[in-house]
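With mature numbering (1 follows the signal peptide of the UniProt record, and there is no 0) as the guide, the letters of the sequence shown map in order to residues -21 to -1, 1 to 554.
The C-beta atom is built at its ideal place from N, Cα and C for all residues, glycine as well.
Working notes for the structure below.
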Amino acid sequence: MNKLEMLLGAALLLAAPEALADTVRRALIIAHNGSDDPALAPLRYADDDGVLWAETLKRLGVETTLLVDPDEPTRLSGSLMLKSAQAPTRAAVEQAVKKLQASSLADRAAGRQTDVLIVYVGHGNTDDAGRSYFTLADARLDRTSLYSELVDPLGADYVHVIADACRASGVVGRRGGTPDAAVLAELRGVLAREQLASRPNVGALFAESDDGETHEWSRIRAGVFSHVARSGLLGGADINGDGQVEYSELAAFVAASLHGVKGLPARLSVNAFAPTAAPRRPLVGPAPEGPRVTFPAGFEYARLSVEDADGQRLVDVRRSPQQWTQILLPPRDVYWVRAPNAEARVTLAELSAGTPELRPRELQERGPAEEALRRGLFAVPLDRSFYDEYVVAAGLVPVDFTTLFHPPVVGGLMPRLATPSSDFGAAWELGLSAGRSPLGLASFATGPSLSWRNPTSVHLLYYGVRGAYGVTPLAARDGIRLHRLTLEGLVGLQNPARTPLFAEVGAGWGLLGLTAPGFRQADPTMLTTHVAAGVTGRLAGMKLRLSAQVGLDRVTANGRTGVDRQYGLEISLRR
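Given below as structure tokens:
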């Protein structure tokens, strides 16, 4: 990478979202059910995926070109995207590339940046010589032709390749070449990191599994990876709420959505390579006005899907409890918003009235493979902790959480945008503390605490309340025990510089009591304050908070008022 490319990448990393306002996004979608290998049965849903990809990207403000040869059920769906669609032949690909190239040159002359998304859905295979390729209706798209005939001639500032190359069989079918590890290695080579490294303006996203196959699912009438990726682009992956979806967000969303799927022959995973010249380059967004449904923080259902009146699944999302989520929808006259045990029928006109009210419905069970997908797919939410861990493990550049993005007004109400960190969402905590004994009359004191903390609209700050009780477990001379009860308001700072650290101050009222055989004395007017600092984390799946505390009590004992120092440690379990 030369210095100019490095400077360009740095500038884009620091750019505000408004800097991408003059970006024009276009897409070339290639979808083909068939195969030139007699050993591979035709796919069932690649053509449906192609149509849904076109509808999704058009809703997101992307100019789309669709190359697909639809089967009879897909033609009968009546999608408007099919009116201008052509068969996925080599000649159609060449014609589409020329048109995209001309548009990119015109935009560049007008001072606009251009991004082109290339989406391929169909069969992936290798030839007799071991060369990998994607299948067109009358040709093959191998590694050389993918870049030399498609990617490079586009003339776009950035190119994003999304590939779902697989095969199908049965109700829960499979997409892919032969189940040979060599095929997986070759197909991965088509979009290899080495190939992308020589093109700093090109990124790629694709799925794979241990045996080289990914999956289709008849219940959603689509490929699993394509459906999950579209759900992410339509808003499920937008973890920082800026209206754009970057590579790290989409890859983390796909990984979270697939994380809970068990019981399939091979585990699905996602590969994401962002453009090295601009690793934070968004794939989509901000989107134009259009149909959308908003689920505010605190909405009771976490697992949600939206279908149209024909039963076509448009989007799925798994929210964390305190996550504000807005889902963009391809235009339909009627939508069905569904949770596992509730649903709502919503017309296009009713979407603007606010969050739909879901009513109970029956839950139908199916076979074991379908049950594995139904229970496992979208079982894990894309929250801040999952996102942070995934981005570090995958080596991707994270999105910007320092700027607060306000959600749009929906139905006259401004929904609350929750903090992007699930570890600092509104939560109750049950703690156990140990520290200095009040008045220094015993070796130490210990006891439970109960706290509630809630983020403010500025996600670095939070407020809350804490109640605590402490007792000296070892009686002092003459059987004396001390009891300390406090109730405090809290104000704190969380996640500074994207670390799991926090600091807080508290102040409030307390009661200090002394008991001994035949004797009791108490000060019910004690004033107390403290400062605390510590770290949050996870252990065996549990959310924990560890803090060190220093405080002062204003105590009246035996008619004398003074200040008593307090210090100790506390560990809390967050819920």
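Excluding the five sequence neighbours on either side, which residues of its own chain have a C-beta within less than 8 Å of the C-beta of L229, listed in chain order?
Closer than 8 Å at the Cβ level, and outside the excluded window around L229, lie L184, A208, G211, L212, A216, A251 and L262.
To the nearest angstrom, how far is it from the Cα of P158 to the Cα of I97?
Residue placement at P158 cannot be trusted, given a pLDDT of 38 that sits under 50; what the coordinates show is reported in the next sentence. So the two alpha carbons sit approximately 26 Å from each other.
Closest to G134 by C-alpha separation, out of S82, A406 and P452, would be which residue?
Of the listed residues, the one whose Cα sits closest to G134 is S82.
The alpha helix (DSSP H) spanning R69 covers which residue range?
From DSSP, the alpha helix (DSSP H) with R69 extends over R69 to A88.
Quick check on P52: does DSSP put it in helix, strand or coil?
The answer is helix: DSSP assigns P52 an H, G or I state.
Distance between N104 and S124 (C-alpha atoms, nearest Å)
One C-alpha to the other measures close to 15 Å.
Got a sec? Which residues, its chain only, sit under 6 Å from N12 by beta carbon, not counting five neighbours each side?
The beta carbon of N12 is closer than 6 Å to those of P21, L22, A25 and D26 in its chain, skipping five residues each way along the sequence.
By alpha-carbon positions, which one of S63, V76, A71 and Q65 ends up nearest to R5?
Selection S63, V76, A71 and Q65 evaluated against R5 yields V76 as nearest (Cα-Cα).
L36: first and last residue of the uninterrupted alpha helix (DSSP H) it sits in
Run containing L36: A25 to R38, per the alpha helix (DSSP H) assignment.
Give every residue of the same chain whose Cβ lies closer than 6 Å to the Cβ of Y137, excluding the five residues on either side of it in the sequence, and list them in chain order.
Sequence-distant partners of Y137 (beyond 5 residues in either direction) whose C-beta falls short of 6 Å from its own C-beta, in its chain, are D94, N180, P254 and R260.
Please confirm whether A321 and E336 have their CB atoms less than 7 Å apart.
Taking 7 Å as the Cβ cut-off, A321 and E336 do not qualify as a contacting pair.
Tell me G489's beta-bridge partners as DSSP assigns them.
Under DSSP, G489 forms a beta bridge with T465 and M505.
What does DSSP give as the partner residues of V376 in its beta bridges?
For V376, no pairing in a beta bridge is given by DSSP.
Assigned exposure category for residue 558 - 16 Cβ within 10 Å defines buried
There is no way to answer for residue 558, as the model of the chain reaches only from -21 to 554.
Pull the bridge partners of R524 from the DSSP assignment, please.
Answer is T515 and S551.
Using DSSP with H/G/I as helix, E/B as strand and the rest coil, what is D287?
D287 falls in the strand class under three-state DSSP.
For the beta strand (DSSP E) containing H238, list its first residue and its last residue.
Counting along the chain, H238 falls outside any beta strand (DSSP E), though it belongs to the alpha helix (DSSP H) covering Y226 to H238.
From which residue to which residue does the beta strand (DSSP E) around V444 run?
Its beta strand (DSSP E) spans residues L440 to V450.
Along the chain, where does the alpha helix (DSSP H) containing A108 start, and where does it finish?
Looking at the DSSP string, A108 is not in any alpha helix (DSSP H), and its letter there is neither H nor E.
Exposure label - T435; buried when at least 16 CB within 10 Å:
By the neighbour-count rule (16 or more Cβ atoms within 10 Å), T435 is not buried but exposed.
Beta-carbon proximity list for T451, same chain, < 6 Å, skipping 5 on both sides
Same-chain partners within the cutoff: S416, A421, A424, R460 and L461.
Which one of G458, N433 and T465 has the shortest CA to CA distance from P427?
For the residues G458, N433 and T465, the minimum Cα distance to P427 belongs to T465.
If you drop the 5 nearest sequence neighbours on each side, which residues of the same chain put their C-beta closer than 6 Å to that of A234?
Sequence-distant partners of A234 (beyond 5 residues in either direction) whose C-beta falls short of 6 Å from its own C-beta, in its chain, are V249 and Y369.
Go through its chain and collect everything with a Cβ distance to D50's Cβ below 8 Å, but skip five positions before and after it.
So the qualifying residues of the chain are N12 and D26.
Taking the alpha-carbon positions, what's the T273 to D312 distance?
Spanning the two alpha carbons is a distance of roughly 18 Å.
Using 7 Å as the threshold, is the C-beta distance between V359 and G202 below it?
No. Outside cutoff.
Determine, using beta carbons only, whether V444 and G471 come nearer to each other than 7 Å.
No, Cβ-Cβ distance for V444 and G471 is not below 7 Å.
Can you list, in chain order, the residues of its chain with a C-beta nearer than 8 Å to that of L308? Leave out the 5 residues immediately preceding and following it.
Setting aside the 5 residues that flank it on each side, L308 is surrounded in the same chain by R38, L213, G269, P270, R271, V272, V285, L293, V294, Y314 and L330, each with a C-beta closer than 8 Å to its C-beta; the list follows chain order.
Among residues of its own chain, excluding the 5 on either side of G516, which ones have a beta-carbon nearer than 7 Å to its beta-carbon?
Only P479 and L523 meet the Cβ criterion.
Near V3, what residues of its chain come up, given a Cβ to Cβ distance below 6 Å and the 5 sequence neighbours on each side ignored?
Beyond the five residues adjoining it in sequence on each side, V3 comes within less than 6 Å, by CB distance, of D86, R91 and T93 in the same chain, given in chain order.
Start-to-end residues for the beta strand (DSSP E) that takes in S205:
Where S205 is concerned, there is no enclosing beta strand (DSSP E), although the alpha helix (DSSP H) around it starts and stops at V203 to S210.
Identify, in the order they occur along the chain, each residue of the same chain with its Cβ nearer than 6 Å to the Cβ of S14, setting aside the five sequence neighbours on each side.
Excluding sequence neighbours, S14 sits near H102 and T114.
Do T507 and D532 have their C-beta atoms within less than 7 Å of each other?
For T507 and D532, yes; Cβs fall inside 7 Å.
Can you list, in chain order, the residues of its chain whose CB lies under 7 Å from that of D117, leaving out five sequence neighbours each side?
T68 and R69.
Who does Q545 pair with in a DSSP beta bridge?
Per the DSSP secondary-structure output, Q545 pairs in a beta bridge with G530.
Where does R54 land, buried or exposed, given buried means 16+ other C-beta within 10 angstroms?
Result: exposed.
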